[in-house]
Amino acid sequence: MGDGSVLLKRALDLAVAGLGLLLVAPLLVVVALLIKLDSPGPVIFRQERRGFNGETFHIWKFRSMRVTESGRDMVQVRGAGDSRITRIGAFIRRTSIDELPQLIN
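Reading the sequence shown from the start, the letters are residues 3 to 107 in this note's numbering.
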């Protein structure tokens, strides 16, 4: 891709993500409130990942699991019957709503 194509693609990516955020903003607020009411802890779960060319970036998701004292349990392998998954967390995972904050990335 030429420089112009890369810039155009980036501008289009940002425009579509911005429009998507505007459309789902009311849903994001409702989900955030439900997460806060369901269990104590932060609304957003942030994790470091490797991306294109091995560059590190942070992924944001709605938190779907209970927060433990150490915080280490959040990265263990999770199963379908995992007791750390909250009631709201099970729903937002099943519907992929937990992925919506990635529009900000």
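Where a beta carbon is used, it is the ideal one built from N, C-alpha and C, also for glycine.
Residue pairing by DSSP leaves Q104 without any beta bridge partner.
By the neighbour-count criterion, in which 16 or more other beta carbons inside 10 Å mark a residue as buried, V33 falls on the buried side. In the three-state reduction of the DSSP assignment, R52 falls in the strand class, which pools E and B.
The Cβ atoms of L30 and I90 do not sit closer than 9 Å to each other. Remark: C-beta atoms of V69 and P44 approach each other more closely than 9 Å.
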